[in-house]
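Student:
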Amino acid sequence: MRGNLAFDIAHMLAGTLVLVSFMQLYQDRLYALLNIYALHALVLAASVAWQAFIQDAPHLYLTAMIALVFKAIIIPVALHRIIVKLGIHREIETVVGVGPAMLLGMGLVALAMVVMLRVTAEADPLAREDLAFALSVVLLGLLMMVTRRNAVSQVIGFMSLENGLVLAATGAKGMPLVVEISVAFSVLIAFIVIGIFLFRIRERFDTVDVQALDRFRGERR
Amino acid sequence: MIDALTGVLLIPAVAAALLAALPGYRLTARLNVLAAFLSFATAVSLFIVEPQSGPYLLVDDLNKVFIVLTTFVGFTTAMFSASYIGHEIEIGRLTPTFVRFYHAMYQTLMFALSLALVANNIGLMWVAIEIATLTTVLMVGIYRTHEALEAAWKYFILGSVGIALALFGTILVYMAARPVIGEGLYAMVWTVLVTKAAKFDPALLNVAFVFLLLGYGTKVGLAPLHAWLPDAHAEGPTPISAVLSGLLLNVALYALLRFKILLALNPAAIAPGPLMVTMGLISCVFAAFMLYRRRDIKRMFAYSSIEHMGIIVFAFGMGGPLANFAGLLHMTMHSLTKSAIFYAVGHISQVKGTQKIADMSGLTVTNPVLGWGLVLGVIAIAGLPPLGIFMSEFLVVSSTFAREPWLVIILVFGILVGLGGLFLRLNTIAFGEPRGPTAPAQASYVPMFAHLAIVFTAGVYLPPALVAGFENVARLLG
Amino acid sequence: MTAAYALYGVAALIVLAPVAIALSTSPHGTAVIYGASLIITLTLGMIALLCLFGRAQTPGIILPLGLPWLGAHFRIDALAAFFLAVVNLGGAAASLFALGYGRHEHSPQRVLPFYPAYLAAMNLVVMADDAFSFLVSWEFMSLTSWALVIAHHRVGENMRAGYIYLLMASFGTLTLLLAFGLLAGADGNYAFDAIRESHPSAALSALVLILALVGAGSKAGVVPLHAWLPLAHPAAPSHVSALMSGVMTKVAVYGFVRIVFDLLGPPDWWWSMVVLAVGGITAVMGVLYALMQHDLKRLLAYHTVENIGIIFIGLGLALAFKAHGMALAAALALTAALLHVFNHSVFKSLLFFGAGAVLNATGERDMEHLGGLIHRMPQTAFVFLVGCVAISALPPLNGFVSEWLTFQAILISPQLPAWGLKLLVPAVGALLALSAALAAACFVKAFGVSFLGRARTPAAAQAHETDSNSLAAMYFLAALCLVAGILPGIFIDALAPVTNTLVGVSMPQQADLEWLTIVPIAESRSSYNGLLVFIFVVLSGSIAAFAIHRIASDKLRRAPAWDCGYPDPSPAAQYTASSFAQPIRRVYGTSVFHAREIGEMPPPGSLASARLTVELHDLIWDAAYAPVAKGIEYAAEKLNYLQFLTIRRYLTLVFAALVLLLLVLAIWQ
Amino acid sequence: MIRDLALQGAQMLAVVVLAPLLTGLVRKMKARLLRRQGPPLIQPYRDLIRLIRKEVVLAEGASWLFRVIPYIIFAGTWVAASLVPTFGSGLLFSWSADLIAIIALLGSARFFLALAGLDVGTSFGGIGSSREVMIASLAEPAMLMIVFTLALIAGSTQLSTMAAYMATGEEGLRVSLGLALLALIMVAIAENARIPIDNPATHLELTMVHEAMVLEYSGRHLALIDLTSELKLLLYISVIGCLFAPWGIAGPDANPRAIAIGFVAYLAKLAVGGLLLAAFETAIAKMRVFRVPAFLGAALMLGLLGTLLLFVSGSL
C-alpha cells in the first residue's frame, strides 16, 4: 500500500517538475522566468525530500536542502540582482514562437517516454518513471537553452537541465553521495563562473546578449 | 604509506596550493616544472611496482600508458610554458597575479587529468573531467581579450552541457548496474562493473551510451559537438592549447573507451561501433575541409586535432585487435606530436608577433630550428613515415578496408584532403620569401624535439612492454 | 648474408643524412657527402650484381623494427637484385655528377641532408619483404624527394610543384595501402610470404590490380596520373631530377611488378588489356606533351612519361602471355620491359646530367634562349647526343634493343586466343611505333635547338665546358649506352633469373651464340646483332672517309652560310623550338591539345609588328585535376560557415545530435 | 664461308655501284616521258665524281658534327642496303639485322641528317628538318606496320627468310598483302622525297624538304649525301622487289649460274621499278606540305588494317 502511494506521489512530483519546465518554456519575461525557475527548484526539493523519505536515505534530505536554499532562493535572488544591475529586464526575444516551442517540448517528452519505457521492468518502476521524467526535464532544459537568445535565460535553462539530473540521481536508489556533492559542486562552480563572466561581459559590452559576444570573432569571414 | 598512485594525485594537488600561495614568476615557473617532473617520475614508477587498486583508484594496462603520457606531456609543457610565459610577461600580455593563478590552475588541471585516468569509480572520473574542463575554461579566458572571453564563454556553455549529458549517462549506468550488483558504491566501481556487465539491462545501457557519447564526445571534440575546440585552442595561451589537444581530448576519449568496453561486454546492447564510426568519419572529413580556409595557425592545428580524433574514434568504432591497437597508438602519437607542434607554434607566433598565417613566411630561412621543427611536426601529423602516426594509420586502413571498403575510402579521402590543407598552409609558413619580424626566438627547443624524437622512434620501433599492454587493451575493447 | 651487407650500406646512407646536416655549411660538405654516397652506392651496386649473377637465393633478414609482432622483413631475390642494381647504378652516377655539379648549389643545406636519405629510401623499397616496410620506405622516398624538389623554395612554381607532387605521392601511397589491405586481409598478414600463400578471389585480385596500377602508376607517371611529374622532376637540382626520372620511376615500376607478378595470383587475361591500353596511351601522350615543351628539363620529364608507357606495354604483354600460359613469350615481353627499365635509367640520367651541365653553364633551361652550345661545350654536346640517339631508339645504341624486343613480343601475340587482345595489341604496336618516331623527332629538336645552330642569347654565347666530375659521370653512362646497345646478350642473360622467378622460364641463353647475336625465339624468325651493325657502320664510314680523302680532295674553306641566298645575321632568324614543332603541332596538336594559332596582323600602313601566339590546353588537367581542386575549394567554402555560428546555434547542433541519437534508439529493435 | 663472304662483298659493291645508275635511269625516263632528251644515264656518276673533286665550302657556323654526319648517314644507309637480299638471299650477315633493324638504321640516318639541317643555324635548314621529322613521324610507324603485316605472314622479320617464304608463293594472294604493298609504295615515295611528297629537283623555298636540309652542304659532303639518297631509293625498290617479286633470287647455296640469273632478275626489277616511279612522278603533281600527313596517315591506316586483319583471322 505504502509503496503504491509513495509511487503515486513521487510520480506526481516528477510530473510537476516537467510541467514547470513547460511553464518556463512558455514564459518570455525575465523576472517571471526567474520566479518560475525558483518554483522549479522548489518542486525539485520536494521530490528529492520525498525520495529521501521513501528510500529512508537521510543524506538525500541534505540534497533537498541544497536544492531548496541554493537553487530556489539564492540563485534567483542573485540573478535578479544581476538583471537589475545590467538593466536588461526587458522581454526575452525567443528564437521560435512559444507555440512551436511547446510542440517541440511535447515531442521531446514523448521521445523520452518511448526511450525510457523500453527499459525492462526489473529495474523498479519507480526509478523507471523517474528517469523518464528526468530525461524530459533535461531535454526541455536543453530546448530552452536553444530557443532563447538571452544569456541569463540560457543559464536558467542550463540550471533546470541540471535539476533534471538531480531528479534522476535521487531517483536512482542508493546512489553514493559522490553524485550529490558533484552536482552541488558543479552548480556552485557554474554559478561562480557565470557570475564572473557576466561581470566581465558587463565590463566589456553593454549587453549579455550572446549574439553581441558572437560579433567578436577570432576569425571574421 | 603513500604509493605511487596517490603520489601522482598528491603532488599536483599540493603544488597547486603552493603555487597559488607563492608570488614571483621565476620561482613559481621552476616549481611548476619541478612538480610536473616529480609526478612524471612517480608515474613512471607505476611500471616498476604496480600498486594495489582499490574501490576508488586503479591501475591497469589501459590507463598505465596514459598516466605516463599525461604526466610526461604535462612535464614538457611546463618546461615550454616557463619560457613562453616569461615572454608573455615581458611583452606585458600577462600580469604576475594572473601568472600565479595560471600556475595554480595548471597544476589543478594536471591533478584533474591524472584523477580522471586513475579513477576506478565512474562518478569520480566524471568529477575529475569536470574539474579539468572548468580549469581549462578559466585558463582559456586568461588573456581577457574579446576573442578570449568569447572563446571561454563558448567553451564553458558547450562544455557544461556536455558535462551534464555525461553525468546523466553515468547515472543511467548506475541504474543499469544496481539491480545486478546491488545498491551502493560498488555499482559504480569500474572493476566490478566489468565483471557483471553481461547481465546489465541493455536498454538502459544503450541510452546511457548515447548520453556518454555525446557528453564525453563534446570533450573529445567530435563534430558536430566540436565548436568550442578551435576557438579555445586559438585564443588561450599556447601551453594550454598544447595541453588541450595533447591531454584533455585523450582523457575524454579514454573515458569513452571505458564505457565502450562495458557495452562490448553486453551482448544484448546496441553495438557502439556504428555510432562511433559515423561520428568519426564526420569529424575527420569535416575537419579536413575546415583546414583550407584557416588564417589563424593555432585554429588550423586545432581542426587537425578534430580530424585525428575522428580517425581514432573511427578505429575504435571498427574494432578488431589491429584497429584497436592502432587507435591506442594513434592517441599516444597524436598527443605527443600535436603538443610538439603547439610548442613550435607558440614560439613562432611570439617571434612573428601574430597568429595570422598570412603574416608569417619563410620560417626555415629566418628561424631554421623552429621552421624545420614545425615542418617535421606537420609531416608527422599528416601521417607520413617514418613517424608514429603513419604506423597507426597504416594499421587502421589496411586492417579495416577488407571489411568496410566504402567507409575506409571515405576515411582515406578525409586523410588526403587534410594532408592537402595542412601542407597548403605549411608551404606559406615555412618556405618562400621571409616576411614579418625575423628576430631569433629565445626558446627552449628541448620539449619539442624530445616529443618528435619519441614519435620518430615509435614510428620505427615500439618497445615490447608498450605493445603487450596495448594488445591486452585492444583485446578488451573487442 | 648479402642482404645484411646491403642493409649495412643503407644504414650508412641513413647515417650520412645527419652528418650532412652538420657539414652542410662547411666548404667540404658537398665533396664529403657526395663522395661517401658514391662509394656506398657503388658497394651496394656490387652487392646487387653479386646477388643477380651469383644466382644465390639469399635468405631474408628480419629486423626487430616496424610493426612489433611482424618485424621488418628484407630480402634480395632476383627481381629485387636487378632493381637494386639499377637504383645504385643511377645513384652512383648521380653522386659522381654531383661531386662537380653540387659545388654550384647555392643552398646546399637544403639538398645535402636529404640526398643520402633519398638514396637509402629507394634501396629500402626494393629490399622490403613485407607490406609495412615497403610502404614506409615508399612514402619516405616520396617525402625526401619532395624535400629535394622544394630545395629552391623561393621560386613560386617549385613550391606549387612540390605541393602537387606530395599530394599525388600520398594519394598513390594510400592506394597501395588499400591494395595491401586487401592482400593482407583483416588479420594483417603483411609479410610478403604470407601474402603469396593467401589466394584471393578473382574479383578481389582484380581490384588489387587496379589499385596497384593506380598507386604505382601515379608514382611512375602513367597518364592520366602523370600531372605532377613534369612539374616536380625539373624543379629539383639536376642530379636529383636524374634520380627521380631515371631511378624513382623504376622503383615505382618495381612496385607494380612485385605486386602484380609476384604477390598476386595467376592473372586474368583482361588485366593485360587495361595495362596495355594505359601503356600505349601513356607512351604517345608523353611524347606529344614533350614535343610541345621548350623547357629542356620539362621535355626530358615528359619523355620519362613516354618511356614508362613503353615499359608498361611490355608488362602488359607479359601479363597477357602469362595469363594464357605462354611462358616463353611472357619471359620475352618481361625481359623487354625490364631491359627498357635499365636502359631508360641509364640514358635518362645521362640526359638530365647534360641538361644540368647546360643549366650550370648558361643559367638557362629554356631552349629558346640556348643554341650553338656544341661550340662552347663540345664534350657535353657529344655525350648528350649519345643520350639522344639512345632514347630515340636508334641502333646501335641500347634504346633500340629493348624496343626491338618489345616489337618481337608483339609479333608473337597473334597466337593469343582472346579477341580483345587480338584487336588491342596491333593498335598498341602502332602506338609504340608512333611514339618511337615522335621521340626521334623530339630529340632532333632538343639537341638541334639547344646545342646546334647559333647562340640565341649572350648567356649561351659565353657558356663554358662543365667540370671533369660531371663529364666523367656522363661519359660513363654514355659508354654504358653503347655497351648495352652492342652487347645486349649479356644483359638479357642477366635478366634470366628474374624472369625465372616471375614467369617460371627465361629467354634462351644468349651469351654463347656466335658473334654475340641476340635471338629471342629462333634465328629463322628474328635476330639482331648490335655489335656487327656497329662494326659495319664504323668500318664503312671510315672506309668512305679514307677513300675520299685519299683519292679525292680533302680541301676545305670556311665561308658565310649560303642559306639559299638569303642569309640573315641575327640568330633570331633560326628555327626556334616551337617553330620546329609547328608542323607536328599542326598534325596532332589540334586534336590532342586543342592547339590554336592566333595571328594578329597589324592593319595596312601601321608599323606595329605582327604577332603569332599559340595557345595549348592540357586537356587531362582541365578534365581530371581542375574539377577536383574546384570541388574541394567549394566544399571548404561552404563548410566554412560552420566556423561562424552563434553559440546558440552550436547548442542547437548538440541538441539535434542528441535527439537524433535518441530517435535512433527509439526506432532500433 | 669464303664464298658467302664474297657474295656479301659483291652485294655491298653492287648496291653502291648500281644506285646512281638507277637514279640516272629514273631521270632519263622522266625526261623522255616529257619528250625531252634528258641527261645521259651515267650523269649521276659524273656529278658525284665532280663533287668529290671539288673543295668543301663550309659555313662559318658549322660544327664538327656537320662534317661527320655525311659519313655517318652514308655508312648507315650503305649497311642497311647491303643487308637486303638483292640477287642472292644467302648473305653472310643478313641475320645481323632484321627488317626492323634496317628500318631503324635508316631512321638513325634521317635523325642525323635532320640534325645537320639545324647545325648551321639557317632558317631553311630549320624548315627542312622540321618538315622531315614530321613526315618521318608518320612514315616510320606506317613502315613498321607494314613490317608487322609481312612478318606475320612470313612468320619472321628476317628479310632473307621472308624473301624465301614469298618465293615459295604458297601464300597466294591475300588482302593484307595488297594493303601492305600499297602502303609500302606510299611510304617509299615519302621516304625518298619523291613527288608528290617532295621534289628532288626543286629549290623553291616553301616546297622543298630534303633539299632544304642539305642546302649548306657542298663538295664531297654533298656527294656523299646524294649517293646516300640514291642508295636509299635503290634499297626501297630492292625491298619491294625481294618481298613482292621474289622471283629469281638465288638461294643460300646456289651455283654461279643461279646467281647470275638472280643478278639479271635484280637488274630487271630495278629497271621496272625505276620506270614505274618515273611514270608515276610525271603523272602526278606535288602536294602541299600539310596534305602530306593525310597521305601518310592513309599509309599508316592501311598498314594497321593489314596487321589487324592478320591478327583477327589467319586467312585474310
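Protein chains in written order, with our numbering: chain A, 1 to 221; chain B, 222 to 699; chain C, 700 to 1368; chain D, 1369 to 1684.
Beta carbons: idealized from backbone N, C-alpha and C, even for Gly.
1. Taking Tyr1533(D) as the reference, give the member of Pro1620(D), Val1425(D) and Ala1427(D) with the closest Cα.
2. Spatial neighbours of Gly1147(C) within its chain, please: C-beta separation below 6 Å, excluding the five flanking residues on both sides.
3. My output table needs one value for Gly1456(D): the three-state DSSP class, helix, strand or coil.
4. How would you list, in chain order, the residues of chain A whose beta-carbon sits under 9 Å from the beta-carbon of Phe1354(C)?
5. Tell me which residue opens and which closes the beta strand (DSSP E) that Glu1314(C) is part of.
6. Kindly indicate the opening and closing residues of the beta strand (DSSP E) around Leu1370(C).
7. If Leu811(C) and Ile738(C) are in contact, beta carbons under 8 Å, what's the gap, nearest whole angstrom?
8. Hey, how far is the Cα of Leu1670(D) from the Cα of Glu1559(D)?
9. If we define contact as Cβ-Cβ less than 8 Å, is Val1358(C) a contact residue for chain A?
10. Would Gly1494(D) and Gln992(C) be called neighbours here (beta carbons separated by less than 8 Å)?
11. Pull up the distance between the alpha-carbon of Asp1594(D) and that of Ile1468(D), whole angstroms please.
12. Put Leu881(C) into one of helix, strand or coil per three-state DSSP.
13. Counting only runs of 4+ residues fully inside the segment 500 to 546 of chain B, write out the alpha helix (DSSP H) ranges in chain order.
14. Report yes if the C-beta distance between Phe831(C) and Tyr889(C) is below 8 Å; otherwise report no.
15. Looking at the structure shown, is Ile760(C) part of a helix, part of a strand, or coil, going by DSSP?
16. Against Gly1422(D), what residues of chain C qualify as contacts under a CB-to-CB distance less than 8 Å, listed in chain order?
17. Does Ala1365(C) come within less than 8 Å of chain A when only Cβ atoms are used?
18. Examine chain C for any beta-carbon lying closer than 8 Å to the beta-carbon of Arg200(A), and answer yes or no.
19. Around the C-beta of Asn693(B), are 16 or more other C-beta atoms found within 10 angstroms, so that it is buried, or is it exposed?
20. On the three-pair Cβ rule with 8 Å, is the segment 495 to 505 of chain B touching the segment 460 to 475 of chain B?
21. Taking only runs that begin and end inside the segment 1646 to 1681 of chain D, name each unbroken beta strand (DSSP E) of 3 or more residues, in chain order.
22. For Gly1147(C), would you say it is in contact with chain D, using Cβ-to-Cβ distances shorter than 8 Å as the test?
23. Compute the Euclidean distance between the alpha carbons of Arg200(A) and Trp374(B), then round it to the nearest angstrom.
24. Helix, strand or coil for Phe773(C), going by three-state DSSP, please let me know.
25. Who are the near neighbours of Gly954(C) in its chain, counting only those whose CB is closer than 8 Å to its CB and skipping five residues on each side?
26. Using 8 Å as the threshold, is the C-beta distance between Leu1474(D) and Thr1445(D) below it?
27. Quick one: using the 10 Å Cβ neighbour count with 16 as the cut-off for buried, is Pro1388(D) buried or exposed?
28. Express the C-alpha separation of Thr553(B) and Leu345(B) in angstroms, rounding to a whole number.
29. Answer with buried or exposed for Phe1343(C), where buried requires no fewer than 16 other C-beta atoms within 10 angstroms of its C-beta.
30. If you draw a straight line from the alpha carbon of Glu804(C) to that of Ala868(C), how long is it in whole angstroms?
31. For the segment 373 to 402 of chain B, enumerate the residues whose C-beta is nearer than 9 Å to any C-beta of chain A, in chain order.
32. Could you have a look at Arg365(B) and say whether DSSP puts it in helix, strand or coil?
33. For the segment 514 to 526 of chain B and the segment 447 to 454 of chain B, state whether three or more C-beta atom pairs, one from each stretch, are separated by less than 8 Å.
34. Can you name the residues of chain C whose CB is closer than 9 Å to the CB of Met1513(D)?
35. Closer than 8 Å, CB to CB, is Phe535(B) near chain C or not?
36. Verify the CB distance criterion: does Ala476(B) have a CB-CB separation below 8 Å to chain C?
Tutor: In this structure, then:
1. Residue numbering aside, residue 1533(D) sits at position 165 when the fourth sequence is read from its first letter. That would be Pro1620(D), whose Cα lies nearest to the Cα of Tyr1533(D).
2. Against the third sequence, residue 1147(C) aligns to sequence position 448. The answer is none, since no qualifying residue turns up.
3. Counted from its first residue, the fourth sequence places residue 1456(D) at position 88. Here Gly1456(D) sits in strand by DSSP.
4. In the third sequence, residue 1354(C) corresponds to position 655, counting from 1. Within 9 Å Cβ-Cβ: Leu139, Leu142, Leu143, Met145 and Val146.
5. Taking the third sequence and counting its residues from 1, the one referred to as residue 1314(C) is at position 615. Per DSSP, Glu1314(C) belongs to the beta strand (DSSP E) from Arg1310 to Glu1314.
6. The requested residue 1370(C) is not part of the displayed model; chain C covers only 700 to 1368.
7. On the third sequence, residue 811(C) is found 112 positions in, with the first residue counted as 1. On the third sequence, residue 738(C) is found 39 positions in, with the first residue counted as 1. At roughly 16 Å, the Cβ-Cβ gap does not stay under 8 Å, so Leu811(C) and Ile738(C) are not in contact.
8. Locating residue 1670(D) in the fourth sequence gives position 302, counting from the first residue. Locating residue 1559(D) in the fourth sequence gives position 191, counting from the first residue. Cα-Cα distance, rounded: 17 Å.
9. By one-based count along the third sequence, residue 1358(C) stands at place 659. Chain A contact via Cβ: present.
10. Taking the fourth sequence and counting its residues from 1, the one referred to as residue 1494(D) is at position 126. Taking the third sequence and counting its residues from 1, the one referred to as residue 992(C) is at position 293. No, these two residues do not count as a Cβ contact at 8 Å.
11. Residue mapping note: residue 1594(D) aligns to position 226 of the fourth sequence, counting from 1. Residue mapping note: residue 1468(D) aligns to position 100 of the fourth sequence, counting from 1. A direct Cα-to-Cα measurement between Asp1594(D) and Ile1468(D) gives close to 24 Å.
12. For the purposes of this step, residue 881(C) is identified with residue 182 of the third sequence, where counting begins at 1. Helix, per DSSP.
13. 518 to 539
14. The residue you call residue 831(C) lines up with position 132 of the third sequence. The residue you call residue 889(C) lines up with position 190 of the third sequence. Result yes, Cβ atoms of Phe831(C) and Tyr889(C) sit closer than 8 Å.
15. Mapped onto the third sequence, residue 760(C) falls at position 61. Three-state DSSP puts Ile760(C) in a strand.
16. Stepping through the fourth sequence from its first residue, residue 1422(D) is reached at position 54. Here the sequence assigns Lys to residue 1422(D), which means Gly is not the residue at that position. Here the neighbours are Ser1252.
17. For this step, residue 1365(C) is matched to residue 666 along the third sequence. Chain A contact via Cβ: present.
18. Translated into positions along the first sequence, residue 200(A) becomes position 200. The predicted position of Arg200(A) is uncertain, since its pLDDT is 49 and thus under 50; a value taken from the coordinates is nonetheless stated next. Not an interface residue.
19. Here residue 693(B) corresponds to residue number 472 of the second sequence, with the count starting at 1. Looking at its Cβ environment, which holds fewer than 16 other Cβ atoms inside 10 Å, Asn693(B) is exposed.
20. no
21. none
22. For the purposes of this step, residue 1147(C) is taken as the residue at position 448 of the third sequence. Output row for Gly1147(C): interface = yes.
23. Counted from its first residue, the first sequence places residue 200(A) at position 200. Counted from its first residue, the second sequence places residue 374(B) at position 153. Note that Arg200(A) scores 49 on pLDDT, short of 50, meaning its location in the model is unreliable and no value can be drawn from it.
24. Here residue 773(C) is taken as the residue at index 74 of the third sequence, counted from 1. Three-state DSSP puts Phe773(C) in a strand.
25. Walking along the third sequence from the start, residue 954(C) turns up at place 255. Closer than 8 Å at the Cβ level, and outside the excluded window around Gly954(C), lie Val824, Phe833, Trp837, Leu875, Ala911, Gly914, Ala915 and Lys918.
26. In the fourth sequence, residue 1474(D) corresponds to position 106, counting from 1. In the fourth sequence, residue 1445(D) corresponds to position 77, counting from 1. For Leu1474(D) and Thr1445(D), yes; Cβs fall inside 8 Å.
27. Taking the fourth sequence and counting its residues from 1, one reaches residue 1388(D) at position 20. Buried, since its Cβ has 16 or more Cβ neighbours within 10 Å.
28. Position 124 of the second sequence, counted from the first residue, corresponds to residue 345(B). Position 332 of the second sequence, counted from the first residue, corresponds to residue 553(B). Each residue's Cα considered, the two are about 24 Å apart.
29. Taking the third sequence and counting its residues from 1, the one referred to as residue 1343(C) is at position 644. Phe1343(C) is exposed by the Cβ-count criterion.
30. What you label residue 804(C) is simply residue 105 of the third sequence in a count that begins at 1. What you label residue 868(C) is simply residue 169 of the third sequence in a count that begins at 1. In a straight line, the C-alpha of Glu804(C) is about 26 Å away from that of Ala868(C).
31. For the segment 373 to 402 of chain B, the set of positions with a beta-carbon nearer than 9 Å to some beta-carbon of chain A reads Ala373, Trp374, Lys375, Phe377, Ile378, Ser381, Val382, Ile384, Ala385, Leu386, Leu388, Phe389, Thr391, Ile392, Leu393, Tyr395, Met396, Ala397, Arg399 and Pro400 in chain order.
32. Numbered from its first residue, the second sequence carries residue 365(B) at position 144. Here Arg365(B) sits in coil by DSSP.
33. yes
34. Residue 1513(D) sits at position 145 when you count from the first residue of the fourth sequence. The answer, in chain order, is Pro1125, Gly1128, Ala1129 and Ala1132.
35. Here residue 535(B) is taken as the residue at index 314 of the second sequence, counted from 1. Interface flag for Phe535(B) against chain C is unset, since no Cβ pair is found closer than 8 Å.
36. Here residue 476(B) refers to the residue found at position 255 of the second sequence. No, its Cβ sits nowhere closer than 8 Å to a Cβ of chain C.
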